[in-house]
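Data block below; observations after.
In the numbering used here, the protein residues as written are -13 to 380.
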């Protein structure tokens, strides 16, 4: 059974940096327990070394067992209550009580509590752990403060510890839990957007298939009808030709119904499948886009036309006024379409609006058996698609 996955180099570097940052306060201000105060130099050194080792262990297991890392540092850092964030006069207690203890492990407690809330998939174990800690501490504080001779020092100690658990443990854990939930929601929304774009592109491909197959079936039905009316055809052959014509017509109708199930109500209208790359570029020029076309200008390939059409649309939307170069090459290995505009679309090459067009193109090219690349290129943005020639492409 796998206990821990092997972290990547980037994760290792991040963990080492985190450990180094957390070790600095742990070494400069050792979390010496209250009953060892005042601590000698040797005791402080041993406590500092123990804190550094504990932080290293917590960093080591924090990705696979974030709750264990949090509890380890939280327990070790709760016994030093010499300093606090604030002091207050509490009821039935003489003197001032420190709230929110501060020591060398406080920063580590905050960080690992946040990471536990951020990384843990199930919040119930951490909720149970906090309930046990706070419940036990509250019970001890009540017991020590009750009776005819209450122990004020013990009560004050437990009140300080509980305030530290609340401020350094529970509060960062809740913040990390909230951040984790929002990050998970954004990831789910992004996956949904990608799935919708892929489905939309599949619908367009299905419509293209319907147009192409419907045309071929119509030709078959037409030829069967001509054969059926031939005067020199035997009767049994005439009957077979009529059955072929009816089968072709029925298949066309069934194909229309099947493709209709995949259609969306708001599906964008499709360009005619017989349109060439040059015709798409000419229509873009008529709209005012500065486009230069190189290579196979008269190529009629559905995937190539789709890549050129969507790339020109993206250039118009995200880099208005920029010059665009379209290069279409065809060889024995297939077709390569390269579309480059001279102005970057957005910072980091990310188009506004979620990049649905690029996602759809990637899915279209993938289904065609090719590869798709897009991203910044010098001062502009470039799309490169490579895919095999489809049957009948000219």
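Positions of the beta carbon are idealized from the N, C-alpha and C atoms, including for glycine.
Between the region 275 to 289 and the region 313 to 324 there are three or more C-beta pairs closer than 8 Å, enough to call the two in contact. Between the C-alpha atoms of residue 237 and residue 203 there is a straight-line separation of about 8 Å.
In the DSSP annotation of this structure, residue 26 is not part of any beta strand (DSSP E), being labelled neither H nor E. Between the region 142 to 151 and the region 60 to 70, the count of C-beta pairs closer than 8 Å reaches three or more; the two stretches touch.
DSSP places residue 54 in the uninterrupted alpha helix (DSSP H) bounded by 52 to 62.
The alpha-carbon separation between residue 360 and residue 349 amounts to approximately 13 Å. The residues 262, 263, 264, 380, in chain order, have a CB closer than 8 Å to that of residue 284 in the same chain once the five nearest residues on each side in sequence are set aside.
Within the DSSP secondary-structure output, residue 222 pairs in no beta bridge. Of 292, 91, 351, the smallest CA-CA separation from residue 39 is found for 91. Straight-line measurement puts the Cα of residue 1 at about 28 Å from the Cα of residue 149.
Under DSSP, residue 358 takes part in a beta bridge, and its partners are 371. Rounded to whole angstroms, the Cβ separation of residue 293 and residue 219 is 47 Å, and the two are not in contact under 8 Å.
By the criterion of a C-beta distance shorter than 7 Å, residue 132 is surrounded by no residue of its chain, once the five residues flanking it on both sides are discounted. Per DSSP, the unbroken beta strand (DSSP E) holding residue 88 starts and ends at 83 to 88. Of the candidates 172, 230, 156, 230 places its Cα closest to the Cα of residue 211.
In the DSSP assignment, residue 309 falls outside any alpha helix (DSSP H), carrying neither H nor E. The residues 52, in chain order, have a CB closer than 6 Å to that of residue 105 in the same chain once the five nearest residues on each side in sequence are set aside. Between the alpha carbons of residue 61 and residue 10 lies a distance of about 19 Å. In the structure shown, residue 72 adopts extended strand secondary structure according to DSSP, grouped into three states. Uninterrupted alpha helix (DSSP H) stretches at least 4 residues long and entirely within the region 88 to 168 occur at 92 to 105, 110 to 131, 138 to 150, given in chain order. The DSSP-derived three-state label of residue 67 is coil. In the DSSP assignment, residue 7 falls within the alpha helix (DSSP H) that extends over -5 to 14. For residue 265, there is no enclosing beta strand (DSSP E); the enclosing alpha helix (DSSP H) covers residues 263 to 272. Nearest neighbour of residue 299 by Cα position, chosen from 373, 8, 325, turns out to be 325.
At a Cβ-Cβ threshold of 8 Å, residue 287 and residue 221 do not count as neighbours.
Looking at the backbone, the Cα of residue 173 and that of residue 166 are separated by about 10 Å. The C-alpha of residue 100 is placed about 40 Å away from the C-alpha of residue 366. Under the three-state reduction of DSSP, residue 170 is assigned to helix. With a contact defined as Cβ atoms closer than 8 Å, residue 95 and residue 162 miss out at about 13 Å. Taking C-beta atoms as the reference points, residue 83 and residue 122 fail to come closer than 8 Å.
Close CB contacts of residue 289 within its chain, under the 7 Å cut and outside five residues either way in sequence, are with 350, 351, 354, 373, 376 (chain order).
From the listed residues 170, 186, 42, -1, the smallest Cα separation to residue 13 is found for 42.
Taking all protein chains shown into account, residue 215 has fewer than 16 neighbouring C-beta atoms within 10 Å of its C-beta and is therefore exposed. In this chain, the beta strand (DSSP E) harbouring residue 279 covers 277 to 281. Under the DSSP assignment, residue 320 falls in the beta strand (DSSP E) whose first and last residues are 320 to 327.
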